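In this text, residue positions in the sequence shown follow the working numbering: the first is 2, and each later residue adds one. Working notes, structure below.
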Amino acid sequence: MSTASGKRQQGRHIAIVSETFAPEINGVANTLTHLCQGLMAAGHRVQVVRPRQRDEGNQACSGSSLCQEVFTVGGIPLPGYRALQFGVSRSAPLRRLWQQSRPDTVYVATPGPLGIAAVNAARKLGITVCSGFHTNFHRYCRHYHAGFLEPALRLYSRWFHNRTDLTLAPTRQMGARLQGMGIHPVAPWSRGVDCQRFSPQRRDELLRERWGLKPQDRAVLYVGRLAPEKNLQLAVSCFERIQALHPRARFILVGEGPLRAKLEQRHPEFIFCGVQKGDALARHYASGDLFLFPSKTDTFGNVVTEAMASGLAVVAFDDAAASEHIRHQENGMMAALVDDDAFVEHALTLAQQNTLLGNIRSQARLDALDLDWTSQVEQFEQLTLNSDRRARYHAITPGITLL
Numbered sequence: 002m003s004t005a006s007g008k009r010q011q012g013r014h015i016a017i018v019s020e021t022f023a024p025e026i027n028g029v030a031n032t033l034t035h036l037c038q039g040l041m042a043a044g045h046r047v048q049v050v051r052p053r054q055r056d057e058g059n060q061a062c063s064g065s066s067l068c069q070e071v072f073t074v075g076g077i078p079l080p081g082y083r084a085l086q087f088g089v090s091r092s093a094p095l096r097r098l099w100q101q102s103r104p105d106t107v108y109v110a111t112p113g114p115l116g117i118a119a120v121n122a123a124r125k126l127g128i129t130v131c132s133g134f135h136t137n138f139h140r141y142c143r144h145y146h147a148g149f150l151e152p153a154l155r156l157y158s159r160w161f162h163n164r165t166d167l168t169l170a171p172t173r174q175m176g177a178r179l180q181g182m183g184i185h186p187v188a189p190w191s192r193g194v195d196c197q198r199f200s201p202q203r204r205d206e207l208l209r210e211r212w213g214l215k216p217q218d219r220a221v222l223y224v225g226r227l228a229p230e231k232n233l234q235l236a237v238s239c240f241e242r243i244q245a246l247h248p249r250a251r252f253i254l255v256g257e258g259p260l261r262a263k264l265e266q267r268h269p270e271f272i273f274c275g276v277q278k279g280d281a282l283a284r285h286y287a288s289g290d291l292f293l294f295p296s297k298t299d300t301f302g303n304v305v306t307e308a309m310a311s312g313l314a315v316v317a318f319d320d321a322a323a324s325e326h327i328r329h330q331e332n333g334m335m336a337a338l339v340d341d342d343a344f345v346e347h348a349l350t351l352a353q354q355n356t357l358l359g360n361i362r363s364q365a366r367l368d369a370l371d372l373d374w375t376s377q378v379e380q381f382e383q384l385t386l387n388s389d390r391r392a393r394y395h396a397i398t399p400g401i402t403l404l
């Protein structure tokens, strides 16, 4: 993929603002890790602005293995996500920071107080500022007994994103939804997957033995936050139907969250692996057979493409990453967003039909090999680093289409 001039724009200064960043474990932090690594590999200078993390000192600026410079601010815990924080900062410190070393563009990944301060500072200085729609906060409300807040959060999202020059959506489907909310302009910016790390070759028979499985037994896998918005009850119901047909099947849950204690109490037979990282996470993926992704709130769901790269058969709804990358009965199984029964039936079909399961697993891996991060980083460059912002949105470069 190339820019309008046919060359990548190297040596630019990019500021990335986020309430969450590595080593925190979530989809936003994972995406930004790959983005920062790719931008630095392309010769750009990357600065990250984020809240100070647990057990971190009060330094204002420091270096990082993921970027040339980190600027930290204070934070307060995010309700429902105690491990994450809202960044707390006025715009003045950011204006001073960017006056001393002016970025070519600012990318705001999260719409919290820190994001507001960053947008204000960038607009005051006349710096191009783009935003990303990474998290469906307005759709989370109903899962935390606060559905009455959803209309207000929709209005807030529209206000926030419309103060930026461009909003990046992880899928075309999500981009269309944002336009329906009154957010403009919107462009698609997808996600890649590390197919060297996530690979069927990571399958670990000793790990499967510890799970109580024999080679022919089914390991049904879930990876992600154990939280209400992830629709885990559907995954549980689905596995119970599978286990009725395959008594030796095991449900493997990788991740932490507020529902873990309740799930462990109700289902002591489930295998809870906690948070896994790096190669250990890759082994857990590859040692599974069937992957359940019951969420209806994710904007993308990196775990879907990680599971595909690991050679798993994914069952998901026609939404988020699945809507972009799964072809029903070819490289995964998809149900309509309103059809929970179909989700369960698709999982049962895979559990029963060995040939279909094997074919889907093989095709999922082959298709994931095309989802490299390099092309996604180049697309990010095209969308955010054009110096003439008005020309960028009226005469977008080849290969990129505004929604």
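Glycine is no exception: its CB is placed at the ideal position from the N, C-alpha and C atoms. Since the structure is predicted, the reported quantities are computational estimates derived from the model, not experimental observations.
Residue i - partner residues in DSSP beta bridges
| i | result |
| --- | --- |
| Tyr223 | Leu254 |
| Ala16 | Gln48, Val107 |
| Cys131 | Tyr108, Leu167 |
| Thr34 | Per DSSP, none; premise fails for Thr34. |
| Ala188 | Leu169 |
| Gln234 | Gln234 is not bridged to any residue. |
| Gln86 | Pro78 |
| Gly275 | Val255 |
| Thr136 | DSSP lists no partner for Thr136. |
| Thr73 | Arg51 |
Inter-residue spacing [alpha-carbon to alpha-carbon] between residue i and residue j
| i | j | result |
| --- | --- | --- |
| Arg53 | Phe87 | 10 angstroms |
| Val237 | Glu25 | 27 angstroms |
| Ala43 | Leu33 | 15 angstroms |
| Met41 | Ala281 | 26 angstroms |
| Glu20 | Ser90 | 11 angstroms |
| Gly279 | Arg211 | 20 angstroms |
| Leu358 | Met309 | 13 angstroms |
| Leu313 | Leu98 | 46 angstroms |
| Arg249 | Val345 | 18 angstroms |
| Lys215 | Asp105 | 55 angstroms |
| Asp205 | Ala343 | 31 angstroms |
| Pro1 | Leu384 | The structure shown has nothing for residue 1, since the chain only spans 2 to 404. |
| Val71 | Asn303 | 25 angstroms |
| Gly193 | Val305 | 11 angstroms |
| Asn31 | Phe22 | 8 angstroms |
| Gly94 | Gln101 | Per the sequence presented here, residue 94 reads as Pro, with Gly not at that position. Taking the straight line from one Cα to the other gives about 11 angstroms. |
| Ala220 | Asp195 | 22 angstroms |
| Ser92 | Gly116 | 10 angstroms |
| Glu382 | Ala177 | 22 angstroms |
| Leu75 | Ile128 | A quick correction: the sequence has Gly, not Leu, at residue 75. Straight-line Cα distance between these residues: approximately 24 angstroms. |
Beta carbon proximity, residue i to chain C, threshold 9 angstroms
| i | result |
| --- | --- |
| Arg159 | Absent here is chain C; the protein component of the structure consists of one chain. |
Chain-order list of residues whose beta-carbon lies under 6 angstroms from that of residue i (same chain, five-residue window excluded)
| i | result |
| --- | --- |
| His162 | Ser132, Thr168, Ile184 |
| His329 | Met335 |
| His45 | Arg13, Ile15 |
| Cys68 | Cys37, Val47, Val49 |
| Phe292 | Leu222, Ala308, Leu313, Val315 |
| Gly39 | Trp374, Val378 |
| Val255 | Val224, Cys274, Gln277, His285 |
| Arg164 | Val120 |
| Phe240 | Val221, Phe252 |
Sequence-distant residues of its chain with Cβ nearer than 8 angstroms to residue i (five each side left out)
| i | result |
| --- | --- |
| Gln60 | With a pLDDT of 48 at Gln60, under the threshold of 50, the modelled position of this residue cannot be trusted; read the value that follows with caution. Only Thr73 meet the Cβ criterion. |
| Gln202 | Ala287 |
| Ile77 | Gln86, Phe87, Val89 |
| Leu233 | Tyr223, Leu227, Leu260, Leu264, Pro295 |
| Glu325 | Thr172, Arg173, Gln174, Ser191 |
Cβ separation of residue i and residue j, assumed to be a contact under 8 angstroms, to the nearest whole Å
| i | j | result |
| --- | --- | --- |
| Arg226 | Gly275 | Between Gly275 and Arg226 the Cβ distance is about 12 angstroms, and since that is not below 8 angstroms, they are no contact. |
| Asp368 | Asn332 | 5 angstroms |
| Ile272 | Arg251 | 6 angstroms |
Beta-carbon contacts of residue i that lie in its chain and below 7 angstroms, excluding the five residues immediately before and after
| i | result |
| --- | --- |
| Thr300 | Phe134, His135, Thr136, Asn137, Pro171, Met175, Ala321 |
| Ala365 | Met309, Gly312, Leu313, Ala314, Val315, Asn332, Gly333 |
| Lys297 | Asn232, Phe318, Asp320, Leu338 |
| Leu235 | Pro295, Asp341, Phe344 |
| His247 | Arg219, Ala352 |
| Gly213 | Arg251 |
| His139 | Its pLDDT being 42, under 50, His139 is placed unreliably by the model, and nothing is read from it. |
Legend entry - Whole runs of the beta strand (DSSP E) within the region 287-338, excluding any shorter than 3 residues: 291-294, 314-318, 334-336
Inset, instruction - Report the residue ranges of all alpha helix (DSSP H) runs contained in full by the region 350-389; include only those spanning at least 4 residues, in chain order. - result: 355-369, 374-385
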